[in-house]
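For reference, the structure discussed in these notes is given below.
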Amino acid sequence: MVFLAVTAEKKGLLGSEYYASRPLYPLARTVAVITMDGMSPFGPSRDFGIYGTAKLDLLDELKTVAKRYH
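Residue numbering for the sequence shown follows the working numbering, beginning at 333 and increasing consecutively.
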């Protein structure tokens with residue numbers, strides 16, 4: 333599991349592009365990417381979105397685990 337905090341995203345995803353071109357582990361071994369972007373300044377939110385080619389089974393697993401803590 334890799335936790336990655338990238339910068340310069342508003343200027344063209346520079347941090348993400350840098351990591352993608354120099355990954356710590358081969359990108360072919362990457363199972364999922366969870367992005368926490370655009371946090372609400374108005375408190376907790378229940379919004380959840382899937383963009384791109386996300387695997388729906390990962391969403392199902394995430395929901396199952398989240399129910400244990402809520």
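Just so you know, even glycine gets a beta-carbon here, dropped at the ideal spot from N, CA and C.
- Here TYR357 has VAL334 as same chain residues with Cβ atoms under 8 Å from its own Cβ, once five neighbours each way along the sequence are excluded.
- The straight-line gap separating the alpha-carbon atoms of TYR350 and ASP389 is approximately 29 Å.
- Considering only ALA337, PRO373, VAL363, SER372, the residue with the shortest C-alpha distance to LEU391 is VAL363.
- Spatial neighbours of VAL338 in its own chain (CB-CB distance under 6 Å, excluding positions within 5 residues in sequence) are listed in chain order as GLY347, SER348.
- Nearest C-alpha to PRO376 among LYS343, HIS402, LEU336, GLU393: HIS402.
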